[in-house]
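Engineer:
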Ligand SMILES: Cc1cc2nc3c(=O)[nH]c(=O)nc-3n(C[C@H](O)[C@H](O)[C@H](O)COP(=O)(O)OP(=O)(O)OC[C@H]3O[C@@H](n4cnc5c(N)ncnc54)[C@H](O)[C@@H]3O)c2cc1C
Ligand code: SF4
Ligand code: SF4
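Structure follows, in structure tokens:
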């Protein structure tokens with residue numbers, strides 16, 4: 001357990017300004033005094049403290065004993081050990097580079113609309129619709145696109161219906177703090193909330209629960225993780241896709257990453273952008289992230305492997321196991337054993353091992369590591 005006295009001041013010094021902060025927004029949604037904001041416009045994707053009640057670097061509520069922000073942060077203290085122990089009953093072994101899991105398999109939504117609209121096999125959308133219809137959750141925190149979608153600005157959204165889940169299907173490779181939809185979900189009456197997101201986001205409910213963050217921890221009822229090695233700054237659209245390849249963001253229909261950036265345009269065009277070229281636009285919040293396989297989710301999902309239109313599925317918890325089995329028995333999904341594509345499992349572990357190399361060394365967990373751009377708004 002982290003010591004109870006840790007609050008915003010410590011979060012600011014140990015996470016927000018050290019390069020560890022991923023911008024997941026968990027501290028912001030957990031703050032009971034509404035003194036934290038979230039900057040998603042400038043490309044910084046970081047929390048900041050309002051000038052009132054302690055200023056940018058301190059918090060008067062924290063000085064009086066409030067600790068909700070550090071309890072919620074999935075990068076504060078020895079987070080991996082804490083969350084592993086709480087969720088899985090033990091800390092992962094060194095060789096478990098993709099985290100602790102029960103089974104890896106391949107899945108595909110039987111419903112053609114879900115499969116065709118999904119990024120890979122449509123498992124994530126099918127699963128969220130199932131969880132809503134089976135009353136496992138009242139609402140899901142997803143990522144949609146702003147406006148009519150032509151800006152490709154990914155924004156948090158709350159989904160309560162099949163139509164809303166379908167509208168969010170597919171992947172955007174810029175950042176979106178899905179947990180930030182939490183207040184809207186609660187305001188709409190949701191008590192059991194599902195969270196879809198990359199590893200940096202789906203570790204938040206486990207952090208909250210392991211540190212007894214109260215009601216907010218109890219409300220997260222299901223977590224679905226997305227395999228992820230990085231997201232890109234929004235400026236990649238103008239500065240790379242448009243400037244180098246003449247691809248305007250409003251003409252893009254779908255994007256995927258399969259060894260290269262694949263860009264499909266509305267006029268039926270297809271373009272490939274080498275990932276090496278895109279590296280320059282890697283978002284700062286991803287540079288120190290060690291979690292490729294979304295290790296603290298109930299179920300993690302990815303697109304690697306020989307079978308297009310199937311989702312690589314990592315089942316990690318009792319709940320995850322129950323859901324996948326029930327969906328299969330109700331013919332909502334079909335499942336193949338990973339033995340049919342062993343290279344996919346090897347690749348997941350290889351990519352996880354690569355991400356692990358950039359994680360913070362445990363013994364320097366509480367020290368400043370790199371200088372990052374200012375995160376505090378005037
Ligand atoms: C930023 C990012 C990086 C990824 N990197 C990899 C990778 O390196 N290797 C790999 O195998 N898989 C990666 N994935 C996962 C992959 O793209 C698919 O999301 C996954 O295989 C599930 O496919 P599906 O058809 O089952 O999901 P779908 O049914 O299409 O559902 C996808 C869900 O993802 C959510 N989502 C989409 N974009 C974002 C975003 N930017 N932020 C948060 N949530 C989002 C949507 O809300 C939607 O509910 C990545 C996904 C994202 C979002
Ligand atoms: S210490 Fe409490 S009031 Fe202050 S920022 Fe953190 S959660 Fe908010
Ligand atoms: S690499 Fe993916 S999981 Fe890690 S901080 Fe970036 S977006 Fe989050």
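Residue numbers (this note's numbering): 1 to 378.
Each residue gets a CB set at the ideal place from its N, CA and C atoms; glycine is no exception.
Ligand 5 and residue 73: does the residue's C-beta get closer than 8 Å to at least one heavy atom of that ligand?
Structural biologist: Here the bound small molecules are ligand 1, ligand 2 and ligand 3; ligand 5 is not part of this structure.
Engineer: Figure out for me which residue from 61, 232 and 21 has the closest Cα to the Cα of residue 277.
Structural biologist: On the chain shown, residue 277 is found 277 positions in, with the first residue counted as 1. Residue 232 is the option with its Cα nearest to residue 277.
Engineer: Could you confirm whether any beta carbon from chain B is found closer than 9 Å to the beta carbon of residue 110?
Structural biologist: Included in the structure is just one protein chain, with no chain B present.
Engineer: In chain order, what are the residue ranges of uninterrupted alpha helix (DSSP H) at least 4 long that sit wholly in the segment 184-213?
Structural biologist: For the segment 184-213, whole alpha helix (DSSP H) runs of length 4 or above, ordered along the chain, are 199-202 and 204-210.
Engineer: Assuming residue 380 contacts residue 235 under a Cβ cut-off of 8 Å, what Cβ separation, rounded to an integer in Å, is found between them?
Structural biologist: Shown here, the chain extends from 1 to 378; a query on residue 380 therefore has no answer.
Engineer: Please confirm whether any heavy atom of ligand 1 lies closer than 8 Å to the CB of residue 114.
Structural biologist: In the chain shown, residue 114 corresponds to position 114, counting from 1. Yes, ligand 1 has a heavy atom inside 8 Å of this Cβ.
Engineer: Please determine whether the Cβ atom of residue 29 lies at a distance below 8 Å from any heavy atom of ligand 1.
Structural biologist: Here residue 29 refers to the residue found at position 29 of the chain shown. No, ligand 1 has no heavy atom inside 8 Å of this Cβ.
Engineer: Quick check: the Cα distance between residue 51 and residue 70, rounded to an integer number of angstroms?
Structural biologist: For the purposes of this step, residue 51 is taken as residue 51 along the chain shown, with counting starting at 1. For the purposes of this step, residue 70 is taken as residue 70 along the chain shown, with counting starting at 1. Each residue's Cα considered, the two are about 19 Å apart.
Engineer: List the whole-angstrom C-beta distance separating residue 139 from residue 193, where the pair is believed to meet the contact cut-off of C-beta under 8 Å.
Structural biologist: Stepping through the chain shown from its first residue, residue 139 is reached at position 139. Stepping through the chain shown from its first residue, residue 193 is reached at position 193. About 6 Å separates the two Cβ atoms, so the contact holds.
Engineer: Identify, in the order they occur along the chain, each residue of the same chain with its Cβ nearer than 7 Å to the Cβ of residue 27, setting aside the five sequence neighbours on each side.
Structural biologist: Along the chain shown, read from residue 1 onward, the residue named residue 27 stands at position 27. Counting only Cβ-Cβ distances below 7 Å, and skipping sequence neighbours, we find 11, 36, 47, 69, 72 and 73.
Engineer: Could you work out which residue in 337, 259, 241 and 294 is closest to residue 225 when comparing CA atoms only?
Structural biologist: Sequence index remark: in the chain shown, residue 225 carries index 225 (1-based). Minimum Cα distance to residue 225 is reached at 294.
Engineer: According to DSSP, is residue 98 helix, strand or coil?
Structural biologist: In the chain shown, counting from the first residue as 1, residue 98 sits at position 98. Coil, per DSSP.
Engineer: Going by Cα to Cα distance, which pick from 79, 325, 56 and 230 is closest to residue 197?
Structural biologist: For the purposes of this step, residue 197 is taken as the residue at position 197 of the chain shown. Comparing Cα-Cα distances from residue 197 to each of 79, 325, 56 and 230, the minimum goes to 230.
Engineer: Could you name the residues of the same chain whose beta carbon sits closer than 8 Å to that of residue 347, not counting the 5 residues immediately before and after it, in chain order?
Structural biologist: To locate residue 347, count along the chain shown from 1; it is residue 347. Here the set comprises 304 and 305.
Engineer: May I ask you to list the residues that DSSP assigns as paired with residue 37?
Structural biologist: Reading the chain shown from its first residue, position 37 is the one you call residue 37. In DSSP, residue 37 forms a bridge with 48.
Engineer: My guess is that residue 182 and residue 142 are in contact by the Cβ rule of under 8 Å, so how many angstroms apart are they, rounded?
Structural biologist: Here the question's residue 182 lines up with position 182 in the chain shown. Here the question's residue 142 lines up with position 142 in the chain shown. Going by Cβ atoms, the distance from residue 182 to residue 142 rounds to 12 Å, so no, they are not a contact pair.
Engineer: Would you call the CB atoms of residue 67 and residue 128 closer than 9 Å?
Structural biologist: Reading the chain shown from its first residue, position 67 is the one you call residue 67. Reading the chain shown from its first residue, position 128 is the one you call residue 128. Going by C-beta atoms, residue 67 is not nearer than 9 Å to residue 128.
Engineer: Just confirm the distance between the C-beta atoms of residue 157 and residue 30, as a whole number of angstroms; I'd bet it's less than 8 Å.
Structural biologist: Locating residue 157 in the chain shown gives position 157, where the first residue counts as 1. Locating residue 30 in the chain shown gives position 30, where the first residue counts as 1. Going by Cβ atoms, the distance from residue 157 to residue 30 rounds to 20 Å, so no, they are not a contact pair.
Engineer: By how many angstroms is the C-alpha of residue 331 removed from the C-alpha of residue 179?
Structural biologist: Sequence index remark: in the chain shown, residue 179 carries index 179 (1-based). Sequence index remark: in the chain shown, residue 331 carries index 331 (1-based). The straight-line gap from Cα to Cα measures roughly 30 Å.
Engineer: Only counting the same chain, and skipping five residues up and downstream in sequence, which positions put a Cβ closer than 6 Å to that of residue 82?
Structural biologist: Stepping through the chain shown from its first residue, residue 82 is reached at position 82. Excluding residues within five positions, the ones whose Cβ falls inside 6 Å are 210.
Engineer: Hey, which residues come within less than 5 Å of ligand 3, measuring from Cβ to any heavy atom, in chain order?
Structural biologist: Any residue whose Cβ sits closer than 5 Å to a heavy atom of ligand 3 makes the list: 22, 198, 199, 200, 228, 230, 231, 286 and 289.
Engineer: Is residue 78 helix, strand or coil by DSSP?
Structural biologist: For the purposes of this step, residue 78 is identified with residue 78 of the chain shown, where counting begins at 1. Coil.
Engineer: Here's a check: name, in chain order, each residue in its chain whose Cβ is nearer than 7 Å to the Cβ of residue 7, leaving out the five neighbours to either side.
Structural biologist: The residue you call residue 7 lines up with position 7 of the chain shown. Cβ neighbours of residue 7 beyond the five flanking positions: 59, 62, 66, 67, 69 and 70.
Engineer: For a minimum of 3 consecutive residues, which ranges assigned as the beta strand (DSSP E) are wholly contained in the segment 124-168?
Structural biologist: Those beta strand (DSSP E) runs which fall completely within the segment 124-168 and span 3+ residues are 139-145 and 154-159.
Engineer: Just checking residue 24 against ligand 2 - is the residue's beta carbon closer than 8 Å to any of the ligand's heavy atoms?
Structural biologist: Start at 1 with the first residue of the chain shown, and residue 24 comes out as number 24. Flag unset: Cβ of residue 24 not near ligand 2.
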